[in-house]
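Colleague:
Protein chains: 2
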Amino acid sequence: MAHHRKKRHTRNLLLWAVTLAIGLLLWFVPPPEGLSLAAWRLFAIFFTTIFAIVTGLVPILTASVLALSVAVLSKVLTTEQAYSGFSQPFILLIVAAFLVSQAVVKSGLGKRIAMHIIARFGRSTLGLAYSLMATDLLIAPAFPSNTARSGVLFPIVNALAHDSGSKVADGTRKKLGAYLMTNMMVSLSISSALWFTAMAANPLGAQIAAKFGVQIGFGSWLLAAAPAALVAFLLAPWVLMKIYPPEVKRTPEAPQKAKEALEKMGPVHRNEWITGGVFIGMVLLWALSGVLDIDKTAVAFGGLGILMVAGIFTLSDMRLQGEALSTLIWFSVLYTLSAYLDAFGFMGYVGTHIAHAVEGLAWPAVYLSLVLTYVFIHYLFVSQTAQMLALYGIFLEVGVNAGVPPTLMALMLLFATNFNAIITPQGSSANVIFVASEYMTSKELYRNGLLMTLFNTLVFVGLGSIWILTIF
Amino acid sequence: MAHHRKKRHTRNLLLWAVTLAIGLLLWFVPPPEGLSLAAWRLFAIFFTTIFAIVTGLVPILTASVLALSVAVLSKVLTTEQAYSGFSQPFILLIVAAFLVSQAVVKSGLGKRIAMHIIARFGRSTLGLAYSLMATDLLIAPAFPSNTARSGVLFPIVNALAHDSGSKVADGTRKKLGAYLMTNMMVSLSISSALWFTAMAANPLGAQIAAKFGVQIGFGSWLLAAAPAALVAFLLAPWVLMKIYPPEVKRTPEAPQKAKEALEKMGPVHRNEWITGGVFIGMVLLWALSGVLDIDKTAVAFGGLGILMVAGIFTLSDMRLQGEALSTLIWFSVLYTLSAYLDAFGFMGYVGTHIAHAVEGLAWPAVYLSLVLTYVFIHYLFVSQTAQMLALYGIFLEVGVNAGVPPTLMALMLLFATNFNAIITPQGSSANVIFVASEYMTSKELYRNGLLMTLFNTLVFVGLGSIWILTIF
Numbered sequence: 058m059a060h061h062r063k064k065r066h067t068r069n070l071l072l073w074a075v076t077l078a079i080g081l082l083l084w085f086v087p088p089p090e091g092l093s094l095a096a097w098r099l100f101a102i103f104f105t106t107i108f109a110i111v112t113g114l115v116p117i118l119t120a121s122v123l124a125l126s127v128a129v130l131s132k133v134l135t136t137e138q139a140y141s142g143f144s145q146p147f148i149l150l151i152v153a154a155f156l157v158s159q160a161v162v163k164s165g166l167g168k169r170i171a172m173h174i175i176a177r178f179g180r181s182t183l184g185l186a187y188s189l190m191a192t193d194l195l196i197a198p199a200f201p202s203n204t205a206r207s208g209v210l211f212p213i214v215n216a217l218a219h220d221s222g223s224k225v226a227d228g229t230r231k232k233l234g235a236y237l238m239t240n241m242m243v244s245l246s247i248s249s250a251l252w253f254t255a256m257a258a259n260p261l262g263a264q265i266a267a268k269f270g271v272q273i274g275f276g277s278w279l280l281a282a283a284p285a286a287l288v289a290f291l292l293a294p295w296v297l298m299k300i301y302p303p304e305v306k307r308t309p310e311a312p313q314k315a316k317e318a319l320e321k322m323g324p325v326h327r328n329e330w331i332t333g334g335v336f337i338g339m340v341l342l343w344a345l346s347g348v349l350d351i352d353k354t355a356v357a358f359g360g361l362g363i364l365m366v367a368g369i370f371t372l373s374d375m376r377l378q379g380e381a382l383s384t385l386i387w388f389s390v391l392y393t394l395s396a397y398l399d400a401f402g403f404m405g406y407v408g409t410h411i412a413h414a415v416e417g418l419a420w421p422a423v424y425l426s427l428v429l430t431y432v433f434i435h436y437l438f439v440s441q442t443a444q445m446l447a448l449y450g451i452f453l454e455v456g457v458n459a460g461v462p463p464t465l466m467a468l469m470l471l472f473a474t475n476f477n478a479i480i481t482p483q484g485s486s487a488n489v490i491f492v493a494s495e496y497m498t499s500k501e502l503y504r505n506g507l508l509m510t511l512f513n514t515l516v517f518v519g520l521g522s523i524w525i526l527t528i529f
Numbered sequence: 058m059a060h061h062r063k064k065r066h067t068r069n070l071l072l073w074a075v076t077l078a079i080g081l082l083l084w085f086v087p088p089p090e091g092l093s094l095a096a097w098r099l100f101a102i103f104f105t106t107i108f109a110i111v112t113g114l115v116p117i118l119t120a121s122v123l124a125l126s127v128a129v130l131s132k133v134l135t136t137e138q139a140y141s142g143f144s145q146p147f148i149l150l151i152v153a154a155f156l157v158s159q160a161v162v163k164s165g166l167g168k169r170i171a172m173h174i175i176a177r178f179g180r181s182t183l184g185l186a187y188s189l190m191a192t193d194l195l196i197a198p199a200f201p202s203n204t205a206r207s208g209v210l211f212p213i214v215n216a217l218a219h220d221s222g223s224k225v226a227d228g229t230r231k232k233l234g235a236y237l238m239t240n241m242m243v244s245l246s247i248s249s250a251l252w253f254t255a256m257a258a259n260p261l262g263a264q265i266a267a268k269f270g271v272q273i274g275f276g277s278w279l280l281a282a283a284p285a286a287l288v289a290f291l292l293a294p295w296v297l298m299k300i301y302p303p304e305v306k307r308t309p310e311a312p313q314k315a316k317e318a319l320e321k322m323g324p325v326h327r328n329e330w331i332t333g334g335v336f337i338g339m340v341l342l343w344a345l346s347g348v349l350d351i352d353k354t355a356v357a358f359g360g361l362g363i364l365m366v367a368g369i370f371t372l373s374d375m376r377l378q379g380e381a382l383s384t385l386i387w388f389s390v391l392y393t394l395s396a397y398l399d400a401f402g403f404m405g406y407v408g409t410h411i412a413h414a415v416e417g418l419a420w421p422a423v424y425l426s427l428v429l430t431y432v433f434i435h436y437l438f439v440s441q442t443a444q445m446l447a448l449y450g451i452f453l454e455v456g457v458n459a460g461v462p463p464t465l466m467a468l469m470l471l472f473a474t475n476f477n478a479i480i481t482p483q484g485s486s487a488n489v490i491f492v493a494s495e496y497m498t499s500k501e502l503y504r505n506g507l508l509m510t511l512f513n514t515l516v517f518v519g520l521g522s523i524w525i526l527t528i529f
């Protein structure tokens with residue numbers, strides 16, 4: 058035991074040495090021509106931070122807090138820049154939605170919904186996974202914000218895990234909670250790729266594509282995405298089950314037990330009515346937020362306020378929500394680092410270099426290189442929209458100039474903006490609320506994120522490309 | 058019991074009706090001439106919020122969350138304006154300092170420092186109060202940020218309360234913790250008034266005063282403030298003991314027990330050395346932050362990061378820090394509301410009207426009216442600096458034009474900027490870390506804040522005015 062601990066201690070020291078060496082090396086190497094010193098050093102900080110997280114050296118919160126401190130004290134970022142992430146509405150939306158989800162569990166409403174789902178689809182974990190994914194896929198076109206959609210789905214998945222006896226606190230997270238949470242993240246990446254209106258930046262991308270003569274609307278998007286998205290939808294829970302198996306797979310008695318539990322619960326309780334009313338109100342306003350110009354974050358805070366007034370979410374509950382603060386801190390920091398990496402010109406620099414690298418290749422090779430690069434460069438981005446704004450135009454232009462059919466290039470990069478979102482825990486704000494649940498470790502998130510991104514890429518690029526070339 | 062509960066329920070409903078009526082009335086009354094609709098409605102929101110908090114209708118967090126939602130959904134504030142408070146460095150400094158303070162307690166260092174203080178001054182609660190105040194007064198000139206100074210003092214007060222058996226969790230908060238915390242807040246308001254360099258905005262105020270021909274430096278400030286500040290310092294713990302008595306006042310055996318506890322603790326433990334090193338490093342950098350242009354918030358986050366790497370502050374500890382999130386939310390919201398009340402011209406409008414109201418009075422009457430108004434208008438401000446920027450110049454000008462001796466007017470308003478800081482829990486960022494401890498209820502904070510502000514005003518205006526007129 059002591060020997061084992063010592064070995065781990067030595068490995069840890071070694072990893073610290075390697076991480077610090079990488080960080081210092083990047084820091085002191087002069088920036089490549091065309092990059093400012095600030096951009097280069099910010100990259101050094103960002104890369105070292107992600108490296109420390111991926112290798113499991115420190116948790117994501119610790120890495121972020123240190124990165125923030127280094128970025129400010131070294132004056133790579135001004136204070137105004139460095140703390141700007143904390144006031145991003147979409148980040149605060151995650152925090153508020155996370156707090157509301159606690160009330161959904163606490164009121165008993167979460168359990169009731171969970172029991173209804175189990176009573177119908179609960180014979181197997183796979184059955185639960187599919188029923189949750191189907192819900193996501195069906196409500197997605199009404200949710201232009203996948204962050205808000207994740208805020209709707211999370212409380213249900215969370216309650217389902219909880220009430221199936223899979224919790225974080227007692228070490229049973231891998232029974233089925235971790236699998237269902239990860240599967241839901243994958244689902245969100247697919248549903249966002251299926252519908253024109255399922256992710257905030259999709260219509261924006263279509264606008265950019267129009268400049269290249271490619272017209273994309275709700276219908277043509279759906280037509281182009283449907284085969285790949287549906288295949289991914291059908292296979293994903295099954296693939297994930299192979300690479301990240303839940304400990305419990307078959308629960309033939311669960312539906313009967315759920316029915317009994319529902320009977321025992323009796324009629325809907327006051328707190329459930331209120332929570333249900335607030336939740337449905339929030340969901341409606343979120344769904345309408347695009348049309349009516351309503352701020353989603355304010356809706357979430359308003360819902361939270363009502364639940365507090367009703368005594369359903371109390372100050373004692375609030376005291377235990379350190380995880381929400383943790384999420385706010387690390388996500389704000391990583392988002393800020395990535396946003397300024399872009400603002401300082403680093404992303405454009407990389408994009409231009411990639412463009413030059415593929416010059417002269419045959420168009421299918423150019424196409425594949427660009428799509429794959431676009432998928433994996435998402436390691437650098439902490440937001441889907443940010444990557445689209447930074448790189449979509451450049452990549453599309455390079456592809457079209459190299460002879461790739463414009464429609465194919467435009468659509469596949471748009472799909473990739475969504476299906477690469479799970480490559481890192483911070484890759485999409487839709488992931489973050491699931492990450493905050495702590496059902497998955499950082500290492501698991503990065504591993505499964507990579508593998509399921511490869512899966513998505515295979516399905517979309519393999520099947521989707523042929524389909525798009527056939528029909529357009 | 059049921060009768061009692063019903064009575065409380067009725068009173069609560071009545072209070073809701075009154076609060077909503079006030080809010081709606083203010084909302085729909087047309088704004089006074091010279092005020093924009095946005096300024097007026099923001100005032101309606103702010104006033105109703107503070108009313109709901111002061112009357113105990115809802116906790117400060119609930120009120121703030123609802124206020125934020127209403128302000129955004131009614132489009133009185135844009136989203137960018139509404140969430141801007143969350144990225145204010147001085148608010149994030151409070152959050153980070155609060156987390157570090159948890160590590161100081163957990164490492165055992167807090168207990169050790171507390172035991173040393175008790176061993177020396179622990180015969181009575183008053184003795185502890187004076188020893189803490191003396192520390193504050195002595196370190197104050199080296200801390201241009203009273204927020205940072207509160208971050209230094211809080212962990213010590215917190216440990217002292219904890220280790221004297223006065224905790225929030227077990228209902229013993231009023232044994233002596235609540236008293237010591239409140240006393241420390243009062244102390245910060247006095248120490249900030251004593252030294253030119255004990256509050257960030259003091260030198261700024263001196264600069265404004267220079268435009269009116271009043272020269273104020275480190276020495277003249279100290280000379281003018283010393284008698285009143287020292288009298289306030291000597292009397293405050295005693296006055297507070299009368300109006301907010303701790304349950305435990307005399308503890309003659311405490312010093313002996315503390316000495317025994319210190320012996321039992323043995324030599325300083327690894328975690329204490331690290332925490333102590335980090336803490337001293339932070340304190341030094343905070344004290345030097347003005348000279349060396351170091352961001353205080355980044356220092357705090359850096360210290361937190363090191364404590365996390367050392368395993369002293371862990372992710373499990375973090376999970377319980379919901380109170381820090383709660384503080385971040387309510388303080389950000391109230392700060393933002395007040396800041397935009399100023400930006401929208403409300404504060405200037407009020408200031409101008411007060412100026413007109415005192416026209417034609419004899420100068421002592423003008424002087425008293427202006428100082429008292431300046432003290433109590435702090436109910437509207439969520440930051441000392443904000444009030445100084447908004448009103449100091451106007452009030453000073455009106456006073457000087459009405460014949461008040463410029464030096465007297467300039468100095469007393471500067472002192473008031475500090476000694477009125479405890480009038481509300483949000484009145485100074487230096488209060489907030491103590492409020493976050495939850496040792497005091499909202500009602501207690503507002504009540505004692507008002508009473509101790511009256512005490513401060515009496516001492517400073519009564520004694521200070523005569524002294525300033527005598528020596529200058």
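Protein chains in written order, with our numbering: chain A, 58 to 529; chain B, 58 to 529.
From the three backbone atoms N, C-alpha and C, an ideal C-beta is built for every residue, glycine too.
Being a predicted model, the structure only gives us computed values, none of them experimental.
Excluding the 5 residues flanking A/Leu471 on each side, which residues of the same chain have their C-beta closer than 6 Å to its C-beta?
Modeller: Gly262
Colleague: Under a CB-based cut-off of 8 Å, is A/Trp387 close to chain B?
Modeller: By this cut-off, A/Trp387 is not an interface position.
Colleague: Please list the partners that B/Pro536 has in chain A, where partner means a Cβ-to-Cβ separation under 9 Å.
Modeller: Residue 536 of chain B lies beyond the stretch modelled for chain B, which goes from 58 to 529, so this question has no answer here.
Colleague: Which runs of the beta strand (DSSP E) at least 3 residues long sit entirely within the segment 359-398 of chain B? Give them in chain order.
Modeller: none
Colleague: For chain A, check one thing: does any of its Cβ atoms lie closer than 8 Å to the Cβ of B/Arg177?
Modeller: Not closer than 8 Å to any Cβ of chain A, the Cβ of B/Arg177 fails to qualify, so no.
Colleague: Checking 8 Å against the spacing of the C-beta atoms, do A/Leu83 and A/Thr119 come in under that value?
Modeller: no
Colleague: For B/Gln378, collect the residues of the same chain with a Cβ closer than 8 Å to its Cβ; drop the 5 residues on either side in sequence, then sort them by chain order.
Modeller: Phe155, Leu156 and Gln159
Colleague: Below 8 Å, how does it come out for the segment 355-362 of chain B and the segment 354-362 of chain A: are there three or more Cβ pairs, yes or no?
Modeller: no
Colleague: May I ask you to report which of helix, strand or coil DSSP gives A/Arg307?
Modeller: Reduced to three states, the DSSP call for A/Arg307 is strand.
Colleague: Put A/Ser440 into one of helix, strand or coil per three-state DSSP.
Modeller: coil
Colleague: Would you check if there are 3 or more beta carbon pairs closer than 8 Å linking the segment 163-170 of chain B to the segment 389-408 of chain B?
Modeller: no
Colleague: Output yes if chain B places a C-beta closer than 8 Å to the C-beta of A/Gly362; else output no.
Modeller: yes
Colleague: Where does A/Met58 fall in DSSP's three states?
Modeller: Per-residue confidence for A/Met58 stands at a pLDDT of 49, beneath the threshold of 50, marking its modelled position as unreliable; the derived number appears in the next sentence. Correct three-state label for A/Met58: coil.
Colleague: What residue does the alpha helix (DSSP H) around B/Glu329 start on, and which one ends it?
Modeller: Arg327 to Leu349
Colleague: By a C-beta neighbour count over all protein chains shown, 10 Å radius and 16 as the cutoff for buried, is B/Lys321 buried or exposed?
Modeller: exposed
Colleague: Under the three-state reduction of DSSP, which class applies to B/Ser494: helix, strand or coil?
Modeller: In the structure shown, B/Ser494 sits in coil (DSSP, three-state: anything other than H, G, I, E or B).
Colleague: At the level of alpha carbons, what is the spacing between B/Ser131 and B/Ala467?
Modeller: Distance from the CA atom of B/Ser131 to the CA atom of B/Ala467, rounded to whole angstroms, is 40 Å.
Colleague: Cβ of A/Asn488 within 8 Å of Cβ of A/Met298?
Modeller: no
Colleague: Closer than 8 Å, Cβ to any Cβ of chain A: which residues of the segment 302-314 of chain B, in chain order?
Modeller: none
Colleague: Would a check of beta-carbon distances place B/Pro116 closer than 8 Å to chain A?
Modeller: yes
Colleague: Thinking A/Gly408 and A/Phe452 are a contact (beta carbons under 8 Å), I'd like their distance in whole angstroms, please.
Modeller: 7 Å
Colleague: Measuring only the C-alpha atoms, how far is A/Ile490 from B/Pro284?
Modeller: 56 Å
Colleague: From A/Leu94, A/Gly333, A/Leu150 and A/Ser144, pick the residue whose C-alpha is nearest to that of A/Ala128; which is it?
Modeller: A/Leu94
Colleague: Quick one: residues in its chain with C-beta nearer than 8 Å to the C-beta of B/Phe211, no 5 flanking neighbours on either side, listed in chain order?
Modeller: Excluding sequence neighbours, B/Phe211 sits near Ala154, Phe155, Ser158, Met241, Ile490, Phe491 and Ser494.
Colleague: Using a C-beta cutoff of 8 Å, does B/Gln378 count as contacting chain A?
Modeller: yes
Colleague: Is the Cβ of B/Tyr496 closer than 8 Å to any Cβ of chain A?
Modeller: no
Colleague: What separation, rounded to the nearest whole angstrom, lies between the Cα atoms of A/His66 and A/Trp73?
Modeller: 11 Å
Colleague: Using a Cβ cut-off of 8 Å (strictly closer), state whether A/Thr254 contacts chain B.
Modeller: no
Colleague: Identify, in the order they occur along the chain, each residue of the same chain with its Cβ nearer than 7 Å to the Cβ of B/Ala257, setting aside the five sequence neighbours on each side.
Modeller: Pro201, Ser202 and Thr442
Colleague: Taking C-beta to C-beta, are A/Asn513 and A/Ser246 nearer than 8 Å?
Modeller: Yes, the pair counts as a contact, with Cβ atoms nearer than the cut-off.
Colleague: Between the alpha carbons of A/Pro462 and A/Leu291, how many angstroms are there, rounded?
Modeller: Cα-Cα distance, rounded: 29 Å.
Colleague: Cβ of B/Val152 within 8 Å of Cβ of B/Ala216?
Modeller: no
Colleague: Just to check my reading of the structure: A/Thr481 and A/Tyr503 have Cβ atoms closer than 8 Å, yes? What is that Cβ distance to the nearest angstrom?
Modeller: 7 Å
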